[in-house]
Structure formats: C-alpha cells, structure tokens
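Asker: For what it's worth, full-length UniProt numbering labels the leading residue of the sequence shown as 1, then goes sequentially. Where a beta carbon is used, it is the ideal one built from N, C-alpha and C, also for glycine. Since the model is a prediction, treat every value here as computed from it, not as a measurement.
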Amino acid sequence: MKKEHVLHCQFSAWYPLFRSLTIKREDPPASSQPDSDDEAEEIQWSDDENTATLTAPEFPEFTTKVQEAINSLGGSVFPKLNWSAPRDAYWIAMNSSLKCKTLSDIFLLFKSSDFITRDFTQPFIHCTDDSPDPCMEYELVLRKWCELIPGAEFRCFVKENKLIGK
Numbered sequence: 001m002k003k004e005h006v007l008h009c010q011f012s013a014w015y016p017l018f019r020s021l022t023i024k025r026e027d028p029p030a031s032s033q034p035d036s037d038d039e040a041e042e043i044q045w046s047d048d049e050n051t052a053t054l055t056a057p058e059f060p061e062f063t064t065k066v067q068e069a070i071n072s073l074g075g076s077v078f079p080k081l082n083w084s085a086p087r088d089a090y091w092i093a094m095n096s097s098l099k100c101k102t103l104s105d106i107f108l109l110f111k112s113s114d115f116i117t118r119d120f121t122q123p124f125i126h127c128t129d130d131s132p133d134p135c136m137e138y139e140l141v142l143r144k145w146c147e148l149i150p151g152a153e154f155r156c157f158v159k160e161n162k163l164i165g166k
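1. Can you pull the DSSP bridge partners for F78?
2. Could you check which residue in F11, D114, E68 and W83 has the C-alpha nearest to that of Y90?
3. Using the Cα positions of residue 192 and F157, report the straight-line distance between them to the nearest angstrom.
4. Alpha carbon to alpha carbon, how far is L81 from I164?
5. Could you tell me if I92 is buried or exposed, where buried requires 16 or more neighbouring beta carbons within 10 angstroms of its beta carbon?
6. Would you call C146 buried or exposed, if buried means 16 or more other Cβ atoms sit within 10 Å of its Cβ?
7. Within the same chain, show all residues whose beta-carbon is closer than 6 Å to that of V66, passing over the 5 residues directly before and after it, in chain order.
8. Could you give the first and the last residue of the continuous beta strand (DSSP E) run that contains L163?
9. Answer yes or no: do E139 and F11 have a C-beta to C-beta separation smaller than 8 Å?
10. According to DSSP, simplified to helix, strand and coil, what is R25?
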C-alpha cells in the first residue's frame with residue numbers, strides 16, 4: 001500500500017462523494033493556536049517558590065464550536081479522526097458506548113484508544129513506498145449518533161465508480 005492510498009481513505013476524501021448515502025456529519029472548525037507563549041503555558045506560583053502549579057490548557061472557543069456541532073446533530077455523536085474511531089475504548093465510557101454528548105466524552109475516548117494513537121503516530125506504518133510522510137492535517141469528525149445493529153453492517157468496495165464487493 002502507498003501513502004497516497006492511505007490519504008484517499010481519510011474520511012474527508014470519501015465523504016463528499018457518498019454524503020447522500022451515509023450518516024450525517026458536522027465538522028467543527030480547527031482550533032486556533034494560542035497567540036503567545038504566555039497563553040500556551042500558564043504557570044501559577046504558590047507562596048513556596050519551589051512549587052509550581054500547572055494549569056491545564058483551555059480552549060473555550062473550540063469547546064463551544066464542538067458543542068454547537070454536537071447539538072446540531074441531535075445532542076449525541078459518534079467521534080472519529082481522519083481514519084479511525086476509538087472503537088477499542090468504549091469500555092472506559094460511563095455508558096460503555098462510543099456515544100458522546102460533550103467534548104470531555106470525546107477526549108476520554110480518544111485518550112484511551114490505541115486506534116486514535118496510531119492515527120496520530122503511525123498512519124503510514126504499513127506503507128511500502130519510501131517517500132517522506134505527507135504533512136498531516138488532523139480532522140475531528142463528528143457523526144450523528146445512530147443505534148446500529150452490528151450484524152447488519154457491511155463494507156462496500158467501489159472501483160472506477162462500480163460496486164465490486166461487499
């Protein structure tokens with residue numbers, strides 16, 4: 001498999017072609033980066049000069065956009081990255097499901113998923129070409145939550161606009 005083939009399997013590569021045939025999705029806009037180093041890393045000093053308290057970064061604008069996207073899809077979503085969903089992390093969710101209602105739900109699943117980690121760290125590990133890895137732009141994909149029956153799911157394979165297998 002070549003790196004270009006992997007790129008063609010990204011959600012954003014195939015979804016526009018099959019939008020009318022698949023589950024609805026929303027794309028929250030990418031988060032803007034902090035304007036300065038001061039915003040990127042906040043350190044609060046205590047009375048004891050040797051103790052620093054690190055404050056977790058917050059992204060209120062991004063959080064709001066994600067929540068708006070979740071709400072526009074009915075209040076519950078199935079999250080993915082470019083290629084993978086955190087299918088291996090359902091066990092950590094309160095509802096033992098991939099159904100997410102908040103950005104915190106999504107973060108919990110993503111942090112616990114080996115599939116998501118692989119998307120970030122080794123998306124081209126099985127590629128045979130020696131070309132440099134392309135610069136990646138990661139996408140948070142939010143799909144409308146639907147109760148699907150796993151036994152009724154199947155994959156379709158299309159080549160040159162023809163269904164060649166299912």
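Answerer: Looking at the atomic coordinates:
1. On the sequence shown, residue 78 is found 78 positions in, with the first residue counted as 1. BP columns for F78 point to R143.
2. Taking the first residue of the sequence shown as 1, we reach residue 90 at position 90. Nearest C-alpha to Y90: D114.
3. Missing from the structure shown is residue 192; the chain here goes from 1 to 166 and no further.
4. Taking the sequence shown and counting its residues from 1, one reaches residue 81 at position 81. Taking the sequence shown and counting its residues from 1, one reaches residue 164 at position 164. Whole-angstrom Cα-Cα distance: 27 Å.
5. Residue 92 sits at position 92 when you count from the first residue of the sequence shown. Looking at its Cβ environment, which holds fewer than 16 other Cβ atoms inside 10 Å, I92 is exposed.
6. To locate residue 146, count along the sequence shown from 1; it is residue 146. Looking at its Cβ environment, which holds fewer than 16 other Cβ atoms inside 10 Å, C146 is exposed.
7. Within the sequence shown, the letter at position 66 stands for residue 66. Excluding sequence neighbours, V66 sits near P28 and L103.
8. Taking the sequence shown and counting its residues from 1, the one referred to as residue 163 is at position 163. K162 to G165 is the extent of the beta strand (DSSP E) around L163.
9. Here residue 139 refers to the residue found at position 139 of the sequence shown. Here residue 11 refers to the residue found at position 11 of the sequence shown. Taking 8 Å as the Cβ cut-off, E139 and F11 qualify as a contacting pair.
10. Looking up residue 25 in the sequence shown gives position 25. If DSSP states are grouped into helix, strand and coil, R25 belongs with the strands.
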